[in-house]
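J.: Sharing a structure below in structure tokens format, with a few things to ask.
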Amino acid sequence: MAIDKTVPTAAEAVADVAGGATMAVGGFGLCGIPMELITAVHEAGVTGLRVVSNNCGVDDWGLGILLRDHRLARVTASYVGENKEFARQYLSGELEVELVPQGTLAERLRAGGCGIPAFYTPAGVGSPVAEGGLPWRHHPDGTAAVASPPREVREFTFADRTRPYVLEQAIRCDFALVHARLGDRHGNLVFDQAARNFNPLCAMAAAVTIAEVEQLVEPGELDPDHVHLPGVFTQRVVQADPAVPKRVERRTTR
């Protein structure tokens, strides 16, 4: 039986993303973000989303368009410094935010995709990441309404050195939205250089992964040695619109 995971439009691809869903979204800054899929979710009017992504776009692009219209209830990210509306919603208690060290976030997603429920890492030992107390949500007066819990810390001897490690739980999501340079109808994906970033990790960590691809090819056309993400992790593929611009997060000229 032939396997064809292509979907005609981005709107159809995200049609079952419901309010309150958890969603891993690929990209780093504005590099490699699945803009068409994000726009389709926005146009569907979905609210209460709990998003896992390296960052939250900018005020008018990427995940920033969902944030702007108060569609996000919670964000797990490692960097949010380019979005003023994000800071306003977080500090006013409108948005719950879990900040995670970037390498830990990547590994939590990878672990979720590999069936590893938790792992120990030295990142965050001796800081509020391990000790707890980081504000996840604020009261309007600025005090913490919800704070991060303390993590389990254990000592291990590794590479002839004994040191403490903090326990981090894997991340699994209902959906993942990713952007790829190439993809075939079986869902095998190839990412373009730095646009690879968090995309394969997000794709691994979801029950349903939806990929927008710049170029759709037939099965067998991709060299197996060049595939970055095998189709077993992808459930839906949609052809990207070449007219959608690739924005630069911050342009510097002289």
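So the sequence shown is numbered by my numbering: it starts at 8 and just counts up by one. All C-beta atoms, glycine included, are put in the ideal place defined by N, C-alpha and C.
Can you name, in chain order, every residue of its own chain whose Cβ lies under 6 Å from the Cβ of glutamine 96, other than the five neighbours on each side?
T.: Leu102, listed in sequence order.
J.: So does the segment 213–229 actually touch the segment 184–197, counting three or more Cβ pairs closer than 8 Å?
T.: Contact holds: three or more Cβ-Cβ distances are below 8 Å.
J.: Between which two residues does the alpha helix (DSSP H) harbouring phenylalanine 93 extend?
T.: Taken as a continuous stretch (DSSP letters only), the alpha helix (DSSP H) holding phenylalanine 93 covers 91–98.
J.: Does any residue of chain D have a CB that is nearer than 8 Å to the CB of valine 24?
T.: Here there is only one protein chain, and chain D is not present.
J.: Would you list, in sequence order, the uninterrupted alpha helix (DSSP H) runs of no fewer than 4 residues that lie entirely inside the segment 73–134?
T.: Here the runs fully enclosed are 91–98, 109–121.
J.: Between the segment 103–110 and the segment 66–78, do at least 3 Cβ pairs fall closer than 8 Å?
T.: At 8 Å Cβ cutoff, the stretches do not touch.
J.: Please look up how many angstroms separate the CB atoms of threonine 53 and proline 41, rounded, as I've assumed it's under 8 Å.
T.: Correcting the residue identity first, residue 53 is valine in this sequence and not threonine. Between proline 41 and valine 53 the Cβ distance is about 15 Å, and since that is not below 8 Å, they are no contact.
J.: Using CA atoms only, rank isn't needed, just tell me which of Ala17, Gly238, Val87 is closest to leucine 37.
T.: If we check each option's Cα against that of leucine 37, Val87 comes out closest.
J.: Alpha carbon to alpha carbon, how far is glutamine 242 from isoleucine 178?
T.: Roughly 19 Å between the two C-alpha positions.
J.: Mind pulling the alpha helix (DSSP H) runs of 4 or more residues that sit fully within the segment 132–170?
T.: Whole alpha helix (DSSP H) segments, 4+ residues: 135–138.
J.: For a minimum of 3 consecutive residues, which ranges assigned as the beta strand (DSSP E) are wholly contained in the segment 165–250?
T.: Qualifying beta strand (DSSP E) stretches, in chain order: 168–176, 180–191, 213–224, 243–246.
J.: Per the DSSP calculation, alanine 31 is bridged to which residue(s)?
T.: Alanine 31 is bridged to Val59, Ala183.
J.: Along the chain, where does the alpha helix (DSSP H) containing isoleucine 45 start, and where does it finish?
T.: 42–50 is the extent of the alpha helix (DSSP H) around isoleucine 45.
J.: Going by Cα to Cα distance, which pick from Gly26, Gly39, Phe35, Asp167 is closest to valine 48?
T.: Nearest C-alpha to valine 48: Gly26.
J.: Distance, Cα to Cα, alanine 247 vs proline 237?
T.: Rounded to whole angstroms, alanine 247 to proline 237 spans 19 Å at the Cα level.
J.: Where does threonine 16 sit, in a helix, a strand or coil, going by DSSP?
T.: Of the three classes helix, strand and coil, the one that applies to threonine 16 here is coil, per DSSP.
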